[in-house]
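Under full-length UniProt numbering, the letters of the sequence shown match residues 1 to 408, in that order. Glycine is no exception: its CB is placed at the ideal position from the N, C-alpha and C atoms. Down below is the structure, laid out as structure tokens.
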Amino acid sequence: MHQSSLILILLLLTIDFGDSYSFDWNKLPKVNRLFEKFTNETKTPCLTVGLRVGHMDGWVEWTDSFGSYADIENNIPCTTQTMLKVASVSKAIGSALIGRLVEQGKLSWDLDISNYISNDLFPKKKFANKSVNITLRQLITHQSGIRHSREQDFMHDWEFRINNSTQLLTWFSNDRLLFEPGHGYHYSNNGWSLIGAIVESIENRPYHLVLEDFMHNIIGMPTATSESRDHLIMNRGRQYRIHNGKVLPPEIVDILRPYPHWPAGGVTARIEDLLIYGQQMYSSSYDIHSTKKSLLKPATIKEMWTYHNPNVSITKESMKIFNKTIHNIKYRYVMGWERREFPSNVEHDQSILNNLIYLSHTGGIGSANAKLAIFPSLNFTFAIIANHGSLNNQMDRLVIESLNYLFA
Numbered sequence: 001m002h003q004s005s006l007i008l009i010l011l012l013l014t015i016d017f018g019d020s021y022s023f024d025w026n027k028l029p030k031v032n033r034l035f036e037k038f039t040n041e042t043k044t045p046c047l048t049v050g051l052r053v054g055h056m057d058g059w060v061e062w063t064d065s066f067g068s069y070a071d072i073e074n075n076i077p078c079t080t081q082t083m084l085k086v087a088s089v090s091k092a093i094g095s096a097l098i099g100r101l102v103e104q105g106k107l108s109w110d111l112d113i114s115n116y117i118s119n120d121l122f123p124k125k126k127f128a129n130k131s132v133n134i135t136l137r138q139l140i141t142h143q144s145g146i147r148h149s150r151e152q153d154f155m156h157d158w159e160f161r162i163n164n165s166t167q168l169l170t171w172f173s174n175d176r177l178l179f180e181p182g183h184g185y186h187y188s189n190n191g192w193s194l195i196g197a198i199v200e201s202i203e204n205r206p207y208h209l210v211l212e213d214f215m216h217n218i219i220g221m222p223t224a225t226s227e228s229r230d231h232l233i234m235n236r237g238r239q240y241r242i243h244n245g246k247v248l249p250p251e252i253v254d255i256l257r258p259y260p261h262w263p264a265g266g267v268t269a270r271i272e273d274l275l276i277y278g279q280q281m282y283s284s285s286y287d288i289h290s291t292k293k294s295l296l297k298p299a300t301i302k303e304m305w306t307y308h309n310p311n312v313s314i315t316k317e318s319m320k321i322f323n324k325t326i327h328n329i330k331y332r333y334v335m336g337w338e339r340r341e342f343p344s345n346v347e348h349d350q351s352i353l354n355n356l357i358y359l360s361h362t363g364g365i366g367s368a369n370a371k372l373a374i375f376p377s378l379n380f381t382f383a384i385i386a387n388h389g390s391l392n393n394q395m396d397r398l399v400i401e402s403l404n405y406l407f408a
């Protein structure tokens, strides 16, 4: 089923952003065709996509759905109201919760985590025979040295009922660090489980319930929720994987994965939920003089989106867009977000990318994919959610090609 929605709060066909670039929503049919082709080629059962672009007088929102079914077995169609797993995009959402707790003085980016978690739950670590501190800043940037989760970790849920993030610490609390904290990068779901336990220590509630309240009451994401054994999720789509060209149910580990790892990947949402959050973040990042209550202070968002540890090198990536490869894209993982900076010499037909800052987070497991992207200089947020995995390496291309279509 194909469903499209365009909400025009700003009654303009074109929105001018200066520097000779403007957003033209008449180009949306090109984006529509891009995703229709992609969905067909990848045999994705259900993919939802949307954007919000803001202006000082309002914003434009567009959402659409592609593919036939959110639930193949029960003939339930894919729509923009379908609730799907967003996987590790949950980290980007959680980063705002952490930022707010820091603003409230309940947490500090740079205190040793032993101020929040007892040694009984997470023993003091050593590296190269010396005692080391681990900070919240290192956890949220994946620079703590804590290992990533393993598939066998998730199978614990067969034996133990996990009700909060603190219970997860036993899975990795006695493991050795991979490197001295602050002197390397290693993407770690377990690091986020530790963040969840820290939140639980100060809020005296399970992380997933704290995050759910934050999404509903502070961000204003009306339908986003944390996965739970204890409540139904209306309009939930099923997950699928592709094997030898056939659409199949997910591996059992994908069903179990979100439940214990709420901080790392436990959010289920519809496409508009992600757009609301994206808009809240980019609006807060520059809304210095507004009388409205912002999600976070501009200074907090600036720190989260620009932080760089000189002990961890910035890497360079290449990205193929419209069959042309763009090289020397600077990449680093900042505080809960991936940050990319395009070079200044992008070819003329894609010149909007020159020096462009691209903040995003990808979510991916074997049977689910998601992407939330923010371009602060363009007041533009873009989101994708799919109930089929193995699409991670194509998400950035879809976002950037859509951007090129829409900004002339």
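**OP:** Ignore the nearest five residues each way along the sequence and tell me which others in Arg397's own chain have a CB closer than 8 Å to its CB.
**Re:** Your numbering for residue 397 matches position 397 in the sequence shown. Result list for Arg397: Met319, Lys320, Ile321, in chain order.
Original post:
Exposed or buried, what is Lys125 when buried is set at 16 or more other beta-carbons lying within 10 Å of its beta-carbon?
Top reply: Locating residue 125 in the sequence shown gives position 125, counting from the first residue. Label assigned to Lys125: buried.
Original post:
Should the segment 261-281 be called in touch with the segment 80-95, which here means at least 3 C-beta pairs below 8 Å?
Top reply: Yes, the segment 261-281 touches the segment 80-95.
Subject >> Among Tyr207, Arg52, Asn163, Asn174, nearest to Leu101 - alpha-carbon criterion >> reply: Walking along the sequence shown from the start, residue 101 turns up at place 101. The option with the nearest alpha carbon to Leu101 is Tyr207.
Subject >> Counted within 10 angstroms of its Cβ, other Cβ atoms place Asp64 as buried (16 or more) or exposed >> reply: One-based indexing of the sequence shown puts residue 64 at position 64. Taking every protein chain shown into account, the CB of Asp64 has 16 or more other CB atoms within 10 angstroms, so this residue is buried.
Subject >> C-alpha gap between Val312 and His183, whole angstroms >> reply: By 1-based counting over the sequence shown, the position of residue 312 is 312. By 1-based counting over the sequence shown, the position of residue 183 is 183. Spanning the alpha carbons of Val312 and His183 requires a straight line of approximately 6 Å.
Subject >> First through last residue of the beta strand (DSSP E) which encompasses Val60 >> reply: Numbered from its first residue, the sequence shown carries residue 60 at position 60. Residues 58-66.
Subject >> Proximity below 9 Å, CB of Ala386 to CB of Cys46 >> reply: As a first step, residue 386 must be located in the sequence shown, where it is residue number 386. As a first step, residue 46 must be located in the sequence shown, where it is residue number 46. At a Cβ-Cβ threshold of 9 Å, Ala386 and Cys46 count as neighbours.
**OP:** With a floor of 4 residues, list each alpha helix (DSSP H) that falls wholly inside the segment 46-118, ordered by position along the chain.
**Re:** Counting whole runs of 4 or more residues, the segment 46-118 contains the alpha helix (DSSP H) stretches 89-103.
**OP:** Would you give the residue range spanned by the alpha helix (DSSP H) that Lys302 belongs to?
**Re:** Translated into the one-based positions of the sequence shown, residue 302 becomes position 302. If you look at Lys302, you'll find it in the alpha helix (DSSP H) that goes 298-306.
Subject >> Three-way DSSP call (helix, strand, coil) for Asp175 in this model >> reply: Taking the first residue of the sequence shown as 1, we reach residue 175 at position 175. Correct three-state label for Asp175: coil.
Subject >> With 16 other Cβ atoms within 10 Å as the buried cut-off, status of Tyr187 >> reply: Taking the first residue of the sequence shown as 1, we reach residue 187 at position 187. Exposed is the call here.
**OP:** Verify the CB distance criterion: does Tyr116 have a CB-CB separation below 9 Å to chain D?
**Re:** Protein chains in the displayed structure number just one, and chain D is not present.
**OP:** Return helix, strand or coil for Phe214, following the three-state DSSP convention.
**Re:** As a position in the sequence shown, residue 214 is number 214, starting the count at 1. Phe214 falls in the helix class under three-state DSSP.
**OP:** Give the DSSP-derived three-state secondary structure of Gly245 in the structure shown.
**Re:** Looking up residue 245 in the sequence shown gives position 245. Three-state DSSP puts Gly245 in coil, outside helix and strand.
Original post:
How many angstroms separate the CA atom of Glu317 from the CA atom of Ile357?
Top reply: Position 317 of the sequence shown, counted from the start, is the residue given in the question as residue 317. Position 357 of the sequence shown, counted from the start, is the residue given in the question as residue 357. Computed Cα separation, rounded: 14 Å.
Original post:
Nearest-angstrom Cα distance between Leu115 and Leu275?
Top reply: Residue mapping note: residue 115 aligns to position 115 of the sequence shown, counting from 1. Residue mapping note: residue 275 aligns to position 275 of the sequence shown, counting from 1. Note on identity: in this sequence residue 115 is Asn, with Leu being the wrong assignment. If you take the alpha carbons of Asn115 and Leu275, they lie about 35 Å apart.
Original post:
For the alpha helix (DSSP H) that contains Gly196, what are its first and last residues?
Top reply: Walking along the sequence shown from the start, residue 196 turns up at place 196. Per DSSP, the unbroken alpha helix (DSSP H) holding Gly196 starts and ends at 189-203.
Original post:
If we count Cβ pairs, one from each stretch, closer than 8 Å, do we get three or more for the segment 325-343 versus the segment 355-370?
Top reply: Result yes; three or more Cβ-Cβ pairs closer than 8 Å.
**OP:** For Pro249, I'd like the list of residues in its chain whose CB is within less than 7 Å of its CB, leaving aside the five on either flank, ordered along the chain.
**Re:** Along the sequence shown, read from residue 1 onward, the residue named residue 249 stands at position 249. These residues qualify, in order along the chain: Tyr240.
Original post:
From the DSSP output, which residues share a beta bridge with Leu359?
Top reply: For this step, residue 359 is matched to residue 359 along the sequence shown. Arg339, Ile374, per the DSSP bridge assignment.
Original post:
Do Tyr282 and Met215 have their CB atoms nearer than 9 Å?
Top reply: If you number the sequence shown from 1, residue 282 lands on position 282. If you number the sequence shown from 1, residue 215 lands on position 215. No, the pair does not count as a contact, with Cβ atoms beyond the cut-off.
**OP:** Quick one: using the 10 Å Cβ neighbour count with 16 as the cut-off for buried, is Asp110 buried or exposed?
**Re:** For the purposes of this step, residue 110 is taken as the residue at position 110 of the sequence shown. So Asp110 counts as exposed.
**OP:** Take Asp230 as the anchor and find which of Trp305, Asn163, Lys106 has the nearest alpha-carbon.
**Re:** For the purposes of this step, residue 230 is identified with residue 230 of the sequence shown, where counting begins at 1. In terms of Cα proximity to Asp230, the closest of Trp305, Asn163, Lys106 is Asn163.
Subject >> Residues near Leu12 by beta carbon distance below 6 Å, same chain, minus five either side >> reply: Residue 12 sits at position 12 when you count from the first residue of the sequence shown. Reliability of the predicted coordinates at Leu12 is poor, the pLDDT of 49 falling under 50, and no value is obtained from them.
Subject >> Validate contact between the segment 36-51 and the segment 66-82 using beta carbons, cut 8 Å, 3 pairs >> reply: Contact between the segment 36-51 and the segment 66-82 is present, with at least three C-beta pairs closer than 8 Å.
Original post:
Quick one, which of His148, Glu227, Asn379 has its alpha-carbon nearest Phe179's?
Top reply: Translated into positions along the sequence shown, residue 179 becomes position 179. Phe179 has its Cα closest to that of His148, out of His148, Glu227, Asn379.
Original post:
Are Ser108 and Leu136 closer than 9 Å when you measure CB to CB?
Top reply: What you label residue 108 is simply residue 108 of the sequence shown in a count that begins at 1. What you label residue 136 is simply residue 136 of the sequence shown in a count that begins at 1. Going by beta carbons, Ser108 and Leu136 fall inside the 9 Å limit.
Original post:
Is DSSP giving Met395 helix, strand or coil here?
Top reply: The count along the sequence shown starts at 1 and reaches residue 395 at position 395. Per DSSP, reduced to three states, the secondary structure at Met395 is helical.
Original post:
Can you round the beta-carbon distance between Ser402 and Val31 to whole angstroms, since I take them to be within the 8 Å contact cut?
Top reply: The residue you call residue 402 lines up with position 402 of the sequence shown. The residue you call residue 31 lines up with position 31 of the sequence shown. At roughly 5 Å, the Cβ-Cβ gap stays under 8 Å, so Ser402 and Val31 are in contact.
**OP:** My understanding is that Leu194 touches Ile146, with C-beta atoms under 8 Å, so please give their C-beta distance in whole angstroms.
**Re:** Taking the sequence shown and counting its residues from 1, the one referred to as residue 194 is at position 194. Taking the sequence shown and counting its residues from 1, the one referred to as residue 146 is at position 146. Rounded, the Cβ-Cβ distance is 7 Å, consistent with contact.
Subject >> Exposed unless 16 or more other CB atoms sit within 10 angstroms - verdict on Met304 >> reply: For the purposes of this step, residue 304 is taken as residue 304 along the sequence shown, with counting starting at 1. Classification for Met304: buried.
Subject >> Where Asn323 sits in the DSSP three-state scheme >> reply: Numbered from 1 along the sequence shown, position 323 holds the residue referred to as residue 323. Three-state result, Asn323: coil.
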